[in-house]
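Peer 1: Got a structure here, written out as structure tokens. Questions coming.
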Amino acid sequence: MKQEPSEAVDRLASSVIGAAIEVHRVLGPGYLEKVYEEALAIEFGLRGISCSRQHSIALTYKGHAIGEGRLDFLVGGELIVELKTVDALAEIHKAQVISYLKATGHILGLLINFHVPVLKDGIKRVVYSHE
Numbered sequence: 383m384k385q386e387p388s389e390a391v392d393r394l395a396s397s398v399i400g401a402a403i404e405v406h407r408v409l410g411p412g413y414l415e416k417v418y419e420e421a422l423a424i425e426f427g428l429r430g431i432s433c434s435r436q437h438s439i440a441l442t443y444k445g446h447a448i449g450e451g452r453l454d455f456l457v458g459g460e461l462i463v464e465l466k467t468v469d470a471l472a473e474i475h476k477a478q479v480i481s482y483l484k485a486t487g488h489i490l491g492l493l494i495n496f497h498v499p500v501l502k503d504g505i506k507r508v509v510y511s512h513e
């Protein structure tokens, strides 16, 4: 049976999407990813959304450290948010989020591409079942 995010995580995702839409409404497309990351961190603060920015995760193999990943945001301790500024989201971007979900044990990630005229066209929910 496919694992689905809890209602709380879904609500958190909706809040993050609302914050991202506001950032995109104010700034529009055309900036570097770091600009949107900074603005989104500010918007999260204004909305009382707790997050860890550039959150480091350990990658392990049989208990041995083999590398490190860096999430743009870990929101509410449960939701991975990865930002992009690309012409179009590709499978490699989704694979990046899936690898972060696998490494952390979290179920839901949001992939947000700010390089689009309408932000809803740049948002992808990524769900990973840990079975």
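According to this note's numbering, the sequence shown is numbered sequentially starting from 383. Note that beta-carbon positions come from the ideal geometry of N, C-alpha and C, so glycine has one too.
Between which two residues does the beta strand (DSSP E) carrying residue 455 extend?
Peer 2: Run containing residue 455: 446-457, per the beta strand (DSSP E) assignment.
Peer 1: Just to confirm, are residue 483 and residue 507 a CB contact at a threshold of 9 Å?
Peer 2: No, they are not a contact pair.
Peer 1: Let me see if you follow: with CB-CB separation under 9 Å, is residue 431 close to chain D or not?
Peer 2: As a matter of chain content, chain D is missing from the structure shown, which is built from one protein chain.
Peer 1: Among 421, 401, 486 and 480, which residue has its Cα nearest to the Cα of residue 438?
Peer 2: Checking every option, the nearest Cα to that of residue 438 belongs to 486.
Peer 1: Would the beta-carbon of residue 431 fall within 9 Å of that of residue 388?
Peer 2: No, the pair does not count as a contact, with Cβ atoms beyond the cut-off.
Peer 1: Tell me which same chain residues have a C-beta within less than 8 Å of the C-beta of residue 447, skipping the five on either side of it?
Peer 2: Hits under 8 Å: 440 and 441.
Peer 1: Would you kindly check if the distance between the Cβ of residue 459 and the Cβ of residue 434 is under 9 Å?
Peer 2: Closer than 9 Å, so yes.
Peer 1: Does the beta-carbon distance from residue 402 to residue 422 come in below 9 Å?
Peer 2: A contact, by the Cβ cut-off of 9 Å.
Peer 1: Less than 9 Å separating the beta-carbons of residue 494 and residue 480?
Peer 2: No, these two residues do not count as a Cβ contact at 9 Å.
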